[in-house]
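Heads up, the working numbering is the position in the sequence shown plus 1, with the first residue counted as 1. Glycine is no exception: its CB is placed at the ideal position from the N, C-alpha and C atoms. Right, one structure below, let's go through it.
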Amino acid sequence: MKAARHWAVGLTGFCSFLNLYSPQAILPLLGQEFRAGAAEISAIMTAGTLSVALIAPFTGTVADVLGRKRVIVIAMAIAVLPTIMQALAPSLEALIFWKFVQGLALPPIFAVTIAYVGEEWPRREAAAAAGIYTAGASLGGLSARFVTGVLADLVGWRSAFLVLAAVTLVSAVAVALMLPREQKFVRSDGFLASARQMLRHFRNPQLVATYAVGFGTLFNFILTFTYVSFHLAAPPYGLSASALGAIFLVYLVGTVLSPAVGRAIWRFGRRACMIGIIVSWMGGILLTLAAPLTAVVVGLAICAGAGLPTQAISTGYVAISAERGASSAVGLYVSAFYVGGSVGAALGGVAWIAGSWPACVALVLTMLVVMATVVWTVWTPGTPVAPQRSIS
(Lines of atoms letter the chains of each structure in order from A; the text may use other names.)
(Lines give C-alpha, C1' and ligand atoms only; values in the text may rest on other atoms or scores of the structure.)
Protein backbone atom coordinates (compact mmCIF):
# COMPACT_ATOMS: atom_id res chain seq x y z
CA MET A 2 0.00 0.00 0.00
CA LYS A 3 2.82 2.40 0.88
CA ALA A 4 4.58 1.77 -2.44
CA ALA A 5 1.32 2.23 -4.36
CA ARG A 6 0.57 5.63 -2.88
CA HIS A 7 4.18 6.70 -3.45
CA TRP A 8 3.72 5.81 -7.13
CA ALA A 9 0.47 7.78 -7.16
CA VAL A 10 2.17 10.88 -5.75
CA GLY A 11 4.97 10.58 -8.29
CA LEU A 12 2.45 10.26 -11.12
CA THR A 13 0.65 13.45 -10.14
CA GLY A 14 3.88 15.42 -10.38
CA PHE A 15 4.91 13.69 -13.60
CA CYS A 16 1.63 14.34 -15.44
CA SER A 17 1.32 17.94 -14.30
CA PHE A 18 4.67 18.99 -15.71
CA LEU A 19 4.49 16.66 -18.70
CA ASN A 20 1.48 18.68 -19.84
CA LEU A 21 2.71 22.10 -18.76
CA TYR A 22 6.02 22.04 -20.62
CA SER A 23 5.18 19.78 -23.57
CA PRO A 24 5.22 22.49 -26.30
CA GLN A 25 8.57 23.98 -25.26
CA ALA A 26 10.82 21.72 -27.32
CA ILE A 27 8.73 22.06 -30.48
CA LEU A 28 8.07 25.81 -30.50
CA PRO A 29 10.18 26.31 -33.67
CA LEU A 30 8.20 23.55 -35.39
CA LEU A 31 4.92 25.14 -34.30
CA GLY A 32 6.19 28.49 -35.55
CA GLN A 33 6.69 26.98 -39.01
CA GLU A 34 3.28 25.31 -38.86
CA PHE A 35 1.42 28.51 -38.04
CA ARG A 36 3.83 30.93 -39.77
CA ALA A 37 4.50 32.77 -36.51
CA GLY A 38 7.61 34.45 -35.15
CA ALA A 39 9.37 33.57 -31.91
CA ALA A 40 7.55 36.21 -29.86
CA GLU A 41 4.14 35.09 -31.12
CA ILE A 42 4.75 31.37 -30.71
CA SER A 43 6.15 31.77 -27.18
CA ALA A 44 2.67 32.94 -26.15
CA ILE A 45 1.78 29.24 -25.98
CA MET A 46 4.02 28.78 -22.95
CA THR A 47 2.98 32.11 -21.46
CA ALA A 48 -0.68 31.07 -21.64
CA GLY A 49 -0.03 27.87 -19.71
CA THR A 50 2.06 29.37 -16.92
CA LEU A 51 -0.20 32.41 -16.60
CA SER A 52 -3.31 30.31 -16.09
CA VAL A 53 -1.47 28.22 -13.49
CA ALA A 54 -0.51 31.33 -11.53
CA LEU A 55 -4.04 32.75 -11.73
CA ILE A 56 -5.94 29.66 -10.63
CA ALA A 57 -3.54 28.17 -8.06
CA PRO A 58 -4.76 30.08 -4.97
CA PHE A 59 -8.39 29.14 -5.60
CA THR A 60 -7.85 25.43 -6.19
CA GLY A 61 -6.98 25.02 -2.54
CA THR A 62 -10.28 26.62 -1.60
CA VAL A 63 -12.14 24.10 -3.76
CA ALA A 64 -10.20 21.18 -2.28
CA ASP A 65 -10.84 22.39 1.27
CA VAL A 66 -14.55 22.00 0.51
CA LEU A 67 -14.74 18.97 -1.80
CA GLY A 68 -11.88 16.84 -0.49
CA ARG A 69 -8.35 16.06 -1.66
CA LYS A 70 -8.41 12.86 -3.70
CA ARG A 71 -11.62 13.76 -5.51
CA VAL A 72 -10.18 17.07 -6.74
CA ILE A 73 -6.86 15.48 -7.79
CA VAL A 74 -8.46 12.73 -9.87
CA ILE A 75 -11.10 14.98 -11.47
CA ALA A 76 -8.46 17.55 -12.43
CA MET A 77 -6.26 14.88 -14.04
CA ALA A 78 -9.22 13.64 -16.06
CA ILE A 79 -10.20 17.17 -17.12
CA ALA A 80 -6.63 17.87 -18.30
CA VAL A 81 -7.05 15.21 -20.99
CA LEU A 82 -9.60 17.22 -23.01
CA PRO A 83 -7.56 20.40 -23.65
CA THR A 84 -4.57 18.23 -24.54
CA ILE A 85 -6.64 16.54 -27.24
CA MET A 86 -7.97 19.90 -28.40
CA GLN A 87 -4.42 21.22 -28.76
CA ALA A 88 -3.70 18.33 -31.11
CA LEU A 89 -6.73 19.35 -33.19
CA ALA A 90 -6.15 23.12 -33.05
CA PRO A 91 -6.69 24.71 -36.50
CA SER A 92 -4.89 27.95 -35.62
CA LEU A 93 -2.31 29.42 -33.28
CA GLU A 94 -5.03 31.31 -31.45
CA ALA A 95 -6.90 28.06 -30.80
CA LEU A 96 -3.72 26.37 -29.59
CA ILE A 97 -3.01 29.23 -27.18
CA PHE A 98 -6.59 29.14 -25.90
CA TRP A 99 -6.51 25.42 -25.18
CA LYS A 100 -3.10 25.73 -23.54
CA PHE A 101 -4.58 28.34 -21.21
CA VAL A 102 -7.51 26.01 -20.43
CA GLN A 103 -5.12 23.14 -19.79
CA GLY A 104 -3.16 25.28 -17.32
CA LEU A 105 -6.33 25.81 -15.30
CA ALA A 106 -6.54 22.07 -14.64
CA LEU A 107 -2.97 21.61 -13.42
CA PRO A 108 -2.82 23.43 -10.03
CA PRO A 109 -5.61 21.25 -8.59
CA ILE A 110 -3.31 18.30 -9.25
CA PHE A 111 0.02 19.38 -7.81
CA ALA A 112 -1.08 21.87 -5.14
CA VAL A 113 -3.65 19.55 -3.61
CA THR A 114 -1.30 16.55 -3.75
CA ILE A 115 1.21 18.30 -1.49
CA ALA A 116 -1.56 19.25 0.95
CA TYR A 117 -2.77 15.62 0.93
CA VAL A 118 0.73 14.35 1.74
CA GLY A 119 1.18 16.84 4.58
CA GLU A 120 -2.12 15.84 6.16
CA GLU A 121 -2.26 12.10 5.70
CA TRP A 122 1.27 10.79 6.24
CA PRO A 123 3.64 10.77 9.24
CA ARG A 124 6.29 13.49 9.26
CA ARG A 125 9.16 11.23 8.20
CA GLU A 126 7.18 9.69 5.33
CA ALA A 127 5.67 13.03 4.31
CA ALA A 128 9.11 14.57 3.82
CA ALA A 129 10.20 11.63 1.67
CA ALA A 130 6.94 11.75 -0.30
CA ALA A 131 7.49 15.43 -1.10
CA GLY A 132 10.83 14.39 -2.58
CA ILE A 133 9.18 11.64 -4.62
CA TYR A 134 6.61 14.13 -5.92
CA THR A 135 9.36 16.56 -6.92
CA ALA A 136 11.31 13.78 -8.63
CA GLY A 137 8.18 12.89 -10.60
CA ALA A 138 7.67 16.54 -11.50
CA SER A 139 11.28 16.77 -12.66
CA LEU A 140 10.94 13.68 -14.84
CA GLY A 141 7.68 15.04 -16.22
CA GLY A 142 9.26 18.36 -17.14
CA LEU A 143 12.25 16.63 -18.72
CA SER A 144 10.07 14.17 -20.62
CA ALA A 145 7.84 17.00 -21.82
CA ARG A 146 10.76 18.62 -23.60
CA PHE A 147 12.50 15.58 -25.03
CA VAL A 148 9.78 12.97 -25.58
CA THR A 149 7.48 15.47 -27.29
CA GLY A 150 10.32 16.52 -29.56
CA VAL A 151 11.14 12.94 -30.52
CA LEU A 152 7.49 12.05 -31.12
CA ALA A 153 7.00 15.20 -33.20
CA ASP A 154 9.84 14.10 -35.49
CA LEU A 155 8.54 10.52 -35.72
CA VAL A 156 4.76 10.92 -35.96
CA GLY A 157 4.08 14.67 -36.01
CA TRP A 158 3.35 17.14 -33.24
CA ARG A 159 -0.41 16.56 -33.31
CA SER A 160 0.05 12.84 -32.72
CA ALA A 161 2.55 13.66 -29.98
CA PHE A 162 -0.12 15.62 -28.10
CA LEU A 163 -2.55 12.72 -28.49
CA VAL A 164 0.02 10.40 -26.92
CA LEU A 165 0.37 12.81 -24.00
CA ALA A 166 -3.41 12.85 -23.59
CA ALA A 167 -3.43 9.05 -23.43
CA VAL A 168 -0.63 9.01 -20.85
CA THR A 169 -2.53 11.53 -18.73
CA LEU A 170 -5.74 9.49 -18.90
CA VAL A 171 -4.00 6.26 -17.90
CA SER A 172 -2.27 8.11 -15.06
CA ALA A 173 -5.59 9.50 -13.82
CA VAL A 174 -7.00 5.98 -13.62
CA ALA A 175 -3.86 4.75 -11.83
CA VAL A 176 -4.02 7.55 -9.26
CA ALA A 177 -7.72 6.88 -8.68
CA LEU A 178 -6.88 3.25 -7.91
CA MET A 179 -3.63 3.67 -5.95
CA LEU A 180 -4.11 6.84 -3.89
CA PRO A 181 -6.06 6.11 -0.67
CA ARG A 182 -9.01 8.33 0.16
CA GLU A 183 -8.08 10.94 2.78
CA GLN A 184 -8.77 10.00 6.41
CA LYS A 185 -7.71 13.13 8.34
CA PHE A 186 -9.34 15.73 6.12
CA VAL A 187 -11.94 17.95 7.81
CA ARG A 188 -14.28 19.56 5.31
CA SER A 189 -14.40 23.35 5.29
CA ASP A 190 -17.63 25.10 6.22
CA GLY A 191 -17.93 26.57 2.73
CA PHE A 192 -16.19 28.46 -0.01
CA LEU A 193 -16.46 31.79 1.83
CA ALA A 194 -14.94 30.36 5.01
CA SER A 195 -12.17 28.72 3.02
CA ALA A 196 -11.49 31.99 1.18
CA ARG A 197 -11.20 33.79 4.53
CA GLN A 198 -8.74 31.12 5.62
CA MET A 199 -6.68 31.83 2.52
CA LEU A 200 -6.39 35.45 3.60
CA ARG A 201 -5.33 34.34 7.09
CA HIS A 202 -2.35 32.54 5.59
CA PHE A 203 -0.76 35.93 4.97
CA ARG A 204 -0.67 36.48 8.76
CA ASN A 205 1.43 33.33 9.17
CA PRO A 206 5.08 34.45 8.87
CA GLN A 207 6.26 30.90 8.18
CA LEU A 208 3.99 30.68 5.15
CA VAL A 209 4.77 34.16 3.84
CA ALA A 210 8.49 33.43 4.10
CA THR A 211 8.04 30.18 2.21
CA TYR A 212 6.04 31.94 -0.51
CA ALA A 213 9.03 34.26 -0.92
CA VAL A 214 11.34 31.25 -1.21
CA GLY A 215 9.05 29.71 -3.84
CA PHE A 216 9.02 32.98 -5.77
CA GLY A 217 12.81 33.05 -5.73
CA THR A 218 13.16 29.40 -6.71
CA LEU A 219 11.42 29.63 -10.08
CA PHE A 220 12.72 33.19 -10.56
CA ASN A 221 16.24 31.75 -10.54
CA PHE A 222 15.39 28.61 -12.50
CA ILE A 223 13.66 30.38 -15.38
CA LEU A 224 16.24 33.15 -15.51
CA THR A 225 19.17 30.72 -15.50
CA PHE A 226 17.96 28.18 -18.04
CA THR A 227 16.49 30.79 -20.38
CA TYR A 228 19.45 33.13 -20.69
CA VAL A 229 22.24 30.57 -20.44
CA SER A 230 20.99 29.37 -23.84
CA PHE A 231 21.85 32.76 -25.33
CA HIS A 232 25.20 32.66 -23.52
CA LEU A 233 26.10 29.26 -24.93
CA ALA A 234 24.80 30.00 -28.42
CA ALA A 235 27.19 32.95 -28.71
CA PRO A 236 30.98 32.74 -29.25
CA PRO A 237 33.15 31.11 -28.10
CA TYR A 238 30.71 28.20 -27.60
CA GLY A 239 28.34 28.50 -30.56
CA LEU A 240 26.20 25.54 -29.51
CA SER A 241 23.47 24.35 -31.86
CA ALA A 242 19.80 24.16 -30.90
CA SER A 243 20.01 20.39 -30.29
CA ALA A 244 23.07 20.81 -28.09
CA LEU A 245 21.32 23.52 -26.11
CA GLY A 246 18.33 21.23 -25.67
CA ALA A 247 20.61 18.57 -24.22
CA ILE A 248 21.49 21.00 -21.44
CA PHE A 249 18.14 20.12 -19.84
CA LEU A 250 19.55 16.68 -19.04
CA VAL A 251 21.15 18.29 -16.00
CA TYR A 252 17.62 18.22 -14.53
CA LEU A 253 18.31 14.56 -13.82
CA VAL A 254 20.67 15.63 -11.04
CA GLY A 255 17.78 17.22 -9.19
CA THR A 256 15.59 14.21 -9.93
CA VAL A 257 18.11 11.87 -8.31
CA LEU A 258 18.72 14.09 -5.29
CA SER A 259 15.12 15.07 -4.47
CA PRO A 260 14.05 11.77 -2.82
CA ALA A 261 17.07 11.99 -0.49
CA VAL A 262 15.89 15.35 0.81
CA GLY A 263 13.43 13.72 3.19
CA ARG A 264 16.18 11.80 4.99
CA ALA A 265 18.34 14.92 5.23
CA ILE A 266 15.45 16.94 6.67
CA TRP A 267 14.81 14.33 9.33
CA ARG A 268 18.47 14.41 10.37
CA PHE A 269 19.37 18.10 10.09
CA GLY A 270 16.06 20.00 9.93
CA ARG A 271 14.51 21.97 7.10
CA ARG A 272 16.21 25.29 7.79
CA ALA A 273 19.73 23.87 7.88
CA CYS A 274 19.11 21.80 4.74
CA MET A 275 17.72 24.79 2.85
CA ILE A 276 20.65 27.04 3.78
CA GLY A 277 23.12 24.36 2.68
CA ILE A 278 21.33 23.91 -0.63
CA ILE A 279 21.20 27.66 -1.31
CA VAL A 280 24.94 27.96 -0.64
CA SER A 281 25.61 25.14 -3.12
CA TRP A 282 23.34 26.90 -5.63
CA MET A 283 25.49 30.02 -5.26
CA GLY A 284 28.58 27.98 -6.04
CA GLY A 285 26.93 26.44 -9.09
CA ILE A 286 25.83 29.72 -10.64
CA LEU A 287 29.27 31.25 -10.03
CA LEU A 288 30.87 28.27 -11.78
CA THR A 289 28.94 29.10 -14.97
CA LEU A 290 31.11 32.22 -15.29
CA ALA A 291 34.13 30.03 -16.01
CA ALA A 292 35.31 29.80 -19.62
CA PRO A 293 35.44 26.00 -20.19
CA LEU A 294 32.14 24.56 -21.42
CA THR A 295 32.54 21.62 -19.05
CA ALA A 296 32.65 24.00 -16.09
CA VAL A 297 29.49 25.75 -17.28
CA VAL A 298 27.62 22.45 -17.60
CA VAL A 299 28.79 21.30 -14.17
CA GLY A 300 27.65 24.63 -12.73
CA LEU A 301 24.23 24.20 -14.32
CA ALA A 302 24.02 20.66 -12.95
CA ILE A 303 24.68 22.02 -9.47
CA CYS A 304 21.96 24.64 -9.99
CA ALA A 305 19.49 21.93 -11.03
CA GLY A 306 20.60 19.74 -8.14
CA ALA A 307 19.88 22.61 -5.76
CA GLY A 308 16.73 24.04 -7.31
CA LEU A 309 14.60 20.91 -7.35
CA PRO A 310 15.30 19.90 -3.71
CA THR A 311 14.57 23.51 -2.74
CA GLN A 312 11.12 23.03 -4.22
CA ALA A 313 10.66 19.77 -2.31
CA ILE A 314 11.60 21.34 1.02
CA SER A 315 9.45 24.43 0.49
CA THR A 316 6.30 22.61 -0.55
CA GLY A 317 6.61 20.23 2.38
CA TYR A 318 7.14 23.14 4.77
CA VAL A 319 3.99 24.87 3.54
CA ALA A 320 1.88 21.77 4.09
CA ILE A 321 2.93 21.35 7.73
CA SER A 322 3.09 25.07 8.60
CA ALA A 323 -0.53 25.81 7.71
CA GLU A 324 -2.61 25.64 10.88
CA ARG A 325 -5.72 25.07 8.78
CA GLY A 326 -6.56 25.15 5.07
CA ALA A 327 -3.47 23.31 3.85
CA SER A 328 -4.68 23.11 0.24
CA SER A 329 -5.22 26.85 -0.05
CA ALA A 330 -1.84 27.45 1.60
CA VAL A 331 -0.12 25.29 -1.00
CA GLY A 332 -2.17 26.95 -3.75
CA LEU A 333 -0.83 30.35 -2.72
CA TYR A 334 2.68 28.91 -2.77
CA VAL A 335 2.20 27.59 -6.30
CA SER A 336 0.94 30.98 -7.44
CA ALA A 337 3.95 32.75 -5.90
CA PHE A 338 6.21 30.15 -7.54
CA TYR A 339 4.91 30.81 -11.05
CA VAL A 340 4.74 34.56 -10.61
CA GLY A 341 8.41 34.33 -9.65
CA GLY A 342 9.15 32.55 -12.91
CA SER A 343 7.42 35.25 -14.92
CA VAL A 344 9.30 38.02 -13.11
CA GLY A 345 12.59 36.15 -13.47
CA ALA A 346 12.14 35.92 -17.23
CA ALA A 347 11.36 39.64 -17.48
CA LEU A 348 14.12 40.92 -15.20
CA GLY A 349 16.53 38.45 -16.74
CA GLY A 350 15.98 40.19 -20.06
CA VAL A 351 16.84 43.54 -18.48
CA ALA A 352 19.99 42.05 -16.95
CA TRP A 353 20.99 40.45 -20.26
CA ILE A 354 20.72 43.76 -22.09
CA ALA A 355 22.64 45.54 -19.32
CA GLY A 356 25.55 43.13 -18.94
CA SER A 357 24.99 39.81 -20.71
CA TRP A 358 25.46 36.57 -18.75
CA PRO A 359 27.53 38.02 -15.84
CA ALA A 360 24.67 40.44 -15.08
CA CYS A 361 22.22 37.53 -15.07
CA VAL A 362 24.46 35.64 -12.65
CA ALA A 363 24.59 38.69 -10.37
CA LEU A 364 20.79 38.87 -10.37
CA VAL A 365 20.50 35.18 -9.46
CA LEU A 366 23.03 35.60 -6.65
CA THR A 367 21.08 38.55 -5.29
CA MET A 368 17.88 36.52 -5.17
CA LEU A 369 19.69 33.60 -3.50
CA VAL A 370 20.96 35.94 -0.78
CA VAL A 371 17.40 37.17 -0.23
CA MET A 372 16.13 33.58 -0.02
CA ALA A 373 18.83 32.57 2.48
CA THR A 374 18.10 35.62 4.63
CA VAL A 375 14.39 34.88 4.70
CA VAL A 376 14.92 31.21 5.59
CA TRP A 377 17.47 31.95 8.32
CA THR A 378 15.45 34.70 9.99
CA VAL A 379 11.90 33.33 9.71
CA TRP A 380 11.96 29.54 9.41
CA THR A 381 12.12 27.65 12.70
CA PRO A 382 15.19 25.47 13.36
CA GLY A 383 14.81 21.72 13.19
CA THR A 384 11.82 19.91 11.74
CA PRO A 385 8.51 21.64 12.55
CA VAL A 386 5.88 19.45 14.18
CA ALA A 387 2.63 19.23 12.28
CA PRO A 388 -0.50 20.24 14.19
CA GLN A 389 -2.06 17.37 16.10
CA ARG A 390 -5.53 18.19 14.88
CA SER A 391 -6.59 17.55 11.32
CA ILE A 392 -5.86 20.25 8.80
CA SER A 393 -8.71 21.33 6.56
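Based on Cα-Cα distance, which residue from the options lies nearest to residue i?
i      : options                           : result
Arg69  : Gly345, Pro58 and Pro181          : Pro181
Thr84  : Gln25, Thr378 and Leu163          : Leu163
Phe338 : Ala213, Trp158 and Cys274         : Ala213
Ala363 : Thr225, Ala292 and Pro91          : Thr225
Ala57  : Ile42, Ala76 and Ala247           : Ala76
Val257 : Ile303, Thr47 and Ser92           : Ile303
Thr316 : Phe231, Ala129, Ile27 and Trp353  : Ala129
Thr149 : Phe18, Ala346 and Trp353          : Phe18
Ile79  : Val174, Ser92 and Ala161          : Val174
Ala177 : Trp8, Leu96, Leu143 and Phe101    : Trp8
Ser336 : Thr218, Ile314, Ser23 and Leu290  : Thr218
Tyr134 : Gly14, Val375, Ala273 and Gly300  : Gly14
His202 : Ile321, Gly356, Ala235 and Val151 : Ile321
Leu333 : Val118, Ser144, Ala210 and Arg159 : Ala210
Ala235 : Trp353, Glu94, Ser43 and Val262   : Trp353
My understanding is that residue i touches residue j, with C-beta atoms under 8 angstroms, so please give their C-beta distance in whole angstroms.
i      : j      : result
Val344 : Phe222 : Actually they are not in contact, since the Cβ atoms of Val344 and Phe222 sit about 12 angstroms apart, beyond 8 angstroms.
Arg264 : Tyr318 : Not quite, the Cβ-Cβ distance comes to about 16 angstroms (not below 8 angstroms), so this is no contact.
Val10  : Thr114 : 6 angstroms
Cys361 : Gly342 : That pair is no contact at about 15 angstroms.
Ala112 : Val331 : 5 angstroms
Leu21  : Val53  : 7 angstroms
Val376 : Pro206 : Actually they do not touch by this definition, with Cβ atoms about 12 angstroms apart.
Met283 : Thr311 : Between Thr311 and Met283 the Cβ distance is about 12 angstroms, and since that is not below 8 angstroms, they are no contact.
Leu143 : Tyr252 : 5 angstroms
Item to check | alpha helix (DSSP H) runs wholly inside the segment 105-158, at least 4 long, in chain order | outcome: 108-121 and 124-156
Item to check | Touch test, the segment 303-317 against the segment 272-280, Cβ-Cβ under 8 angstroms, three pairs minimum | outcome: yes
Next on the checklist: Threshold first: 4 residues or longer. Then list the alpha helix (DSSP H) segments lying entirely within the segment 31-100, N to C.
Outcome noted: 39-42, 44-67 and 69-88
Checklist entry - Using 8 angstroms as the threshold, is the segment 88-106 in touch with the segment 133-145, meaning 3 or more CB pairs across them? => result no
Checklist entry - Is the segment 39-53 in contact with the segment 153-173, if contact means three or more CB pairs nearer than 8 angstroms? => result no
Item to check | alpha helix (DSSP H) runs wholly inside the segment 247-295, at least 4 long, in chain order | outcome: 252-258, 262-269 and 271-288
Item to check | Whole runs of the alpha helix (DSSP H) within the segment 291-367, excluding any shorter than 4 residues | outcome: 294-322
Next on the checklist: So within the segment 196-226, which uninterrupted alpha helix (DSSP H) runs reach at least 4 residues, ignoring any that extend past its ends?
Outcome noted: none
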